[in-house]
Amino acid sequence: MRFLERERATVAKLLPGLDESLRAIPLMELEGPSDLGIRLFRDSGGPGLLAPTAYQGRGATALDALRVQRALGSRAPSLAVATTLHHFSIATLAGLITDEGLKSMLVEGVASTNRLVASGFAEDRPGAGVLSPSMTATEGPDGVRISGATRPRGLARSMDLLLAGVMVPRSDGPGEEAAVALVTVESEGVSVGGAESEQVTLDDVLLPPELLVRASALDGQLDVLLSAGFAWYQLLMTGSHLGAASALVERVLLDERLPESERVPLLVETEGAMSAAEGLARRIDDGGPDGSTLADSLYVRYYVQDTLSRVVPRAVELLGNLDSTAPDEVGHLATCANGLALQPPARFRMTGPLAAHLVDGPLTVT
-13 MRFLERERAT
-3 VAKLLPGLDE
7 SLRAIPLMEL
17 EGPSDLGIRL
27 FRDSGGPGLL
37 APTAYQGRGA
47 TALDALRVQR
57 ALGSRAPSLA
67 VATTLHHFSI
77 ATLAGLITDE
87 GLKSMLVEGV
97 ASTNRLVASG
107 FAEDRPGAGV
117 LSPSMTATEG
127 PDGVRISGAT
137 RPRGLARSMD
147 LLLAGVMVPR
157 SDGPGEEAAV
167 ALVTVESEGV
177 SVGGAESEQV
187 TLDDVLLPPE
197 LLVRASALDG
207 QLDVLLSAGF
217 AWYQLLMTGS
227 HLGAASALVE
237 RVLLDERLPE
247 SERVPLLVET
257 EGAMSAAEGL
267 ARRIDDGGPD
277 GSTLADSLYV
287 RYYVQDTLSR
297 VVPRAVELLG
307 NLDSTAPDEV
317 GHLATCANGL
327 ALQPPARFRM
337 TGPLAAHLVD
347 GPLTVT
């Protein structure tokens, strides 16, 4: 069947064997508490998906990555969501580091050893924006020490590195400035919560100076770069949740007991949503993300979100009418697909910023 053929072909090209491995395992086993899906992702070279081939990565474009995430979402939605955070971290890291030697070393290190980078951004915290620093730092004779906590959803117990925002003492005078820190999990003072917790805590963790990017080193452009990079998050998270919805639609399309008048409308809406996301991916590939691209990423994400709010209930209803032999799987896929509405930033929080952007104001993620 042609549905999802292009997406799965992209996975076969860039991450050989991964789709077959995921397909061979029952959905609810993949979605369980084990790290089986993450292990398969690592084994296929997934952590290097966005890394350039010159850095021993797979050299995926934004369009490639979108298609990969949709394909993964159709097989293992939780894996797709978790790896989106890794890809977002890599894209953000690459945009922030201006030292080409350091960038090469870090990105190649991730790609060549299949290390996973979790993100301390994209969290809804009371009274703070989703890209606001969640850590604090003190400076002493031995360097900067960081403390705080974050919840890198899906990768807390699988990550090798953590990318997090932190407020640090200014290096050129009194006061504080924002910075981005890259912390290795082996660092003394890093701890991960128990089996039921996704919280990662940093307690007085000493950070090498080369792994701290200060706002002052970026001519005050840190917020701009973070916001622009957030377009990657919207794109890939949209693809991941669209993948979960596509798994439901695929079940409907494969069941010939259902009339074409029911199957084709779901196909049209789902593929229309994917076409919108592909347009965004091509824009990122053409010129890289900026403030305008971030706005477009939100338009597309909310449009896809609305589409899924129609497609998912109808697909569930049709599958239920057929006395599906896998009601747990259908319910789980529906929950995962609807999870796009829970991803930051919430639409009501972006109404004002998007209205301001429409009349040529800056776009701030809140």
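Here the sequence shown is numbered in the numbering used here, starting from -13 and rising by one per residue.
Ideal Cβ placement from N, Cα and C applies to all residues, glycine included.
State the Cα-Cα distance for the pair P155 and A77, rounded to the nearest angstrom. One-based indexing of the sequence shown puts residue 155 at position 169. One-based indexing of the sequence shown puts residue 77 at position 91. Those two C-alpha atoms are separated by around 26 angstroms.
Those runs of the alpha helix (DSSP H) which lie wholly inside the segment 234 to 295 and span at least 4 residues: Note on the segment 234 to 295: whole alpha helix (DSSP H) runs with a minimum of 4 residues are 246 to 273, in chain order.
Taking the runs of the beta strand (DSSP E) that are 3 residues or longer, which of them lie wholly in the segment 139 to 221? Under the rule that a run must span 3 or more residues, the beta strand (DSSP E) segments found entirely inside the segment 139 to 221 read 147 to 155, 162 to 170, 176 to 178, 186 to 193, 198 to 200.
Note down, in chain order, each residue of its chain lying with its Cβ closer than 6 angstroms to the Cβ of D21, except the 5 sequence neighbours on either side. Position 35 of the sequence shown holds residue 21. For D21, where only same-chain residues beyond five positions count, the Cβ hits under 6 angstroms are S144.
Does the beta-carbon of L328 have 16 or more other beta-carbons within 10 angstroms, so that it is buried, or is it exposed? On the sequence shown, position 342 is the one that residue 328 refers to. That one is exposed.
What span of residues does the alpha helix (DSSP H) with E(-9) cover, start to end? Translated into the one-based positions of the sequence shown, residue -9 becomes position 5. -9 to 0 is the extent of the alpha helix (DSSP H) around E(-9).
Cα-Cα separation, D128 to V186: The sequence position of residue 128 within the sequence shown is 142, counting from 1. The sequence position of residue 186 within the sequence shown is 200, counting from 1. Near 23 angstroms, if we compare the C-alpha coordinates of V186 and D128.
Give the single residue among I132, G159, L228 whose Cα lies nearest to the Cα of D190. Here residue 190 refers to the residue found at position 204 of the sequence shown. Cα-wise, what sits closest to D190 is I132.
Can you look up A104 in the DSSP assignment and give me helix, strand or coil? As a position in the sequence shown, residue 104 is number 118, starting the count at 1. Looking at A104 - three-state DSSP - the assignment turns out to be strand.
With A164 and P119 assumed to form a contact (beta carbons below 8 angstroms), what rounded beta-carbon distance in angstroms separates them? Translated into positions along the sequence shown, residue 164 becomes position 178. Translated into positions along the sequence shown, residue 119 becomes position 133. In this structure A164 touches P119 by the C-beta definition: roughly 5 angstroms separates them, less than 8 angstroms.
What is the rounded straight-line gap between the Cα of P251 and the Cα of G317? If you number the sequence shown from 1, residue 251 lands on position 265. If you number the sequence shown from 1, residue 317 lands on position 331. Looking at the two C-alpha atoms, the distance is approximately 21 angstroms.
Proximal residues to V178 (C-beta, below 7 angstroms), its chain only, five neighbours per side dropped: Reading the sequence shown from its first residue, position 192 is the one you call residue 178. Only A142, R143, V186 meet the Cβ criterion.
Run of the beta strand (DSSP E) containing V130, from where it starts to where it stops: Here residue 130 refers to the residue found at position 144 of the sequence shown. Unbroken beta strand (DSSP E) run through V130: 129 to 136.
Quick check: what's the CA-CA separation for A217 versus D314? Taking the sequence shown and counting its residues from 1, the one referred to as residue 217 is at position 231. Taking the sequence shown and counting its residues from 1, the one referred to as residue 314 is at position 328. Taking the straight line joining both Cα atoms gives about 33 angstroms.
For F27 versus Y219, is the C-beta distance shorter than 7 angstroms? Stepping through the sequence shown from its first residue, residue 27 is reached at position 41. Stepping through the sequence shown from its first residue, residue 219 is reached at position 233. For F27 and Y219, no; Cβs fall outside 7 angstroms.
Can we count T279 as close to the ligand NAD, meaning its CB is less than 6 angstroms from some heavy atom? Only the bare structure without any ligand can be found here, which leaves the ligand NAD out of the picture.
Please state if the CB of L148 and the CB of G106 are separated by a distance shorter than 7 angstroms. Here residue 106 refers to the residue found at position 120 of the sequence shown. Here residue 148 refers to the residue found at position 162 of the sequence shown. Yes, Cβ-Cβ distance for G106 and L148 is below 7 angstroms.
Just to confirm my understanding: we take V288, look at its own chain, exclude 5 residues before and 5 after, and list those with CB closer than 8 angstroms. What are they? Position 302 of the sequence shown, counted from the first residue, corresponds to residue 288. The displayed chain sequence assigns Tyr, not Val, to residue 288. Same-chain partners within the cutoff: R333.
State the start and end residues of the unbroken beta strand (DSSP E) segment that holds G126. Numbered from 1 along the sequence shown, position 140 holds the residue referred to as residue 126. Note, G126: beta strand (DSSP E), 121 to 126.
Which of the three DSSP states, helix, strand or coil, is assigned to M42? Counted from its first residue, the sequence shown places residue 42 at position 56. As written in the sequence, residue 42 is Gln, which differs from the Met given in the question. In this structure, Q42 counts as coil in the three-state DSSP scheme.
Excluding the 5 residues preceding and the 5 following L234 in the sequence, name in chain order all residues of the same chain whose CB lies nearer than 6 angstroms to its CB. On the sequence shown, residue 234 is found 248 positions in, with the first residue counted as 1. If we look at L234 and ignore the five residues flanking it on each side, its Cβ neighbours are A301, L319.
Thinking C-beta only, is V238 closer than 7 angstroms to L326? Here residue 326 is taken as the residue at index 340 of the sequence shown, counted from 1. Here residue 238 is taken as the residue at index 252 of the sequence shown, counted from 1. Cβ distance not < 7 angstroms, so L326 and V238 don't count as in contact.
By a C-beta neighbour count over all protein chains shown, 10 Å radius and 16 as the cutoff for buried, is M(-13) buried or exposed? Mapped onto the sequence shown, residue -13 falls at position 1. Answer is exposed; the Cβ neighbour count stays below 16.
Closest to V166 by CA distance: which of L79, S232, A46 is it? The residue labelled residue 166 in the question sits at position 180 within the sequence shown. Out of L79, S232, A46, L79 has the C-alpha closest to the C-alpha of V166.
Would you kindly report the start and end of the unbroken alpha helix (DSSP H) that includes V93? Taking the sequence shown and counting its residues from 1, the one referred to as residue 93 is at position 107. V93 -> alpha helix (DSSP H) spans 86 to 99.
Excluding five sequence neighbours on each side, which residues of the same chain lie with their C-beta closer than 7 angstroms to the C-beta of E248? Looking up residue 248 in the sequence shown gives position 262. Around E248: L304.
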